[in-house]
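Here is the structure we will look at, set down as structure tokens.
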């Protein structure tokens, strides 16, 4: 399923940066690039839009005030050069708040947050158990962005500056932090077992108080993670 988005910013170079980032990510369609809020309003009235990249400081009306005028707004990611609006922005329940200049890794994190929050999209966990077979995340690897389905992930391993995603099909190496994956992955499906490991719970074949076995591998359970792991597995001891 494609995500239809618009970019709203009075600075052409800022629009270009976001558009260039979006070109690297599959299944996202830029419907319009708007340089002021009234132009964006016209697009929203004529199209079904899933996501808006919205600048805050714009002439005539700010992005925040514009969002407040919308009775049924789409998901919004604020883009701004100013930190001052962060609290007010999150009070409006936006997906994310990106500070310019926007690095691609940070941008990709915001996109993954959007997919986690968006009901009915491929990346959404569609029920309380979080077991949608179509749920996915985007991962930057090999100079491109890969779609990785959650059902295919066995475990995630952190090695210094890199993270290895062990999947059913292949090994994916990415220069991202394991904490980013911990935030992006649904806790109903994945558990952090160690400072270096996140495990897909439905792939666990056996466990003790110190280790987990899956796919022919034995992985450690860190002491600080033990209670959380046992709780996630509903094990009382």
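Numbering (the working numbering), first residue to last: 225 to 461. Ideal Cβ positions, reconstructed from N, Cα and C, are used throughout, including at glycine.
Residue 428 by DSSP, collapsed to three states: which one? Within the chain shown, residue 428 is the residue found at index 204, counting from 1. DSSP places residue 428 in coil when its eight states are reduced to three.
Which word fits residue 442, buried or exposed, when buried means at least 16 other C-beta atoms lie within 10 angstroms of its C-beta? What you label residue 442 is simply residue 218 of the chain shown in a count that begins at 1. Under this definition residue 442 is an exposed residue.
Sheet register partners of residue 286 (DSSP bridge): Here residue 286 corresponds to residue number 62 of the chain shown, with the count starting at 1. The beta-bridge partner set that DSSP reports for residue 286 is empty.
Could you check which residue in 324, 253, 283, 260 has the C-alpha nearest to that of residue 271? Against the chain shown, residue 271 aligns to sequence position 47. Closest by alpha carbon: 253.
For the beta strand (DSSP E) that contains residue 249, what are its first and last residues? Taking the first residue of the chain shown as position 1, residue 249 is located at position 25. No beta strand (DSSP E) contains residue 249, which DSSP labels as neither H nor E.
Can you tell which of 255, 263, 434, 399 has its C-alpha closest to the C-alpha of residue 332? Position 108 of the chain shown, counting from 1, holds the residue named residue 332. Among 255, 263, 434, 399, the Cα nearest to that of residue 332 is on 399.
Using the rule of at least 16 other Cβ atoms within 10 Å of the residue's Cβ for burial, across every protein chain shown, is residue 392 buried or exposed? Numbered from its first residue, the chain shown carries residue 392 at position 168. The C-beta of residue 392 has fewer than 16 other C-beta atoms within 10 Å across all chains shown, which makes the residue exposed.
Which first and last residues belong to the beta strand (DSSP E) in which residue 317 is found? Within the chain shown, numbered from 1, the residue matching residue 317 stands at position 93. Per DSSP, residue 317 belongs to no beta strand (DSSP E) and is neither H nor E.
Suppose only complete runs of 3+ residues qualify. What are the beta strand (DSSP E) ranges in the region 399-454, listed by chain order? Along the length of the region 399-454, whole beta strand (DSSP E) runs at least 3 residues long occupy 414-418, 421-424, 435-438, 441-444, reported in chain order.
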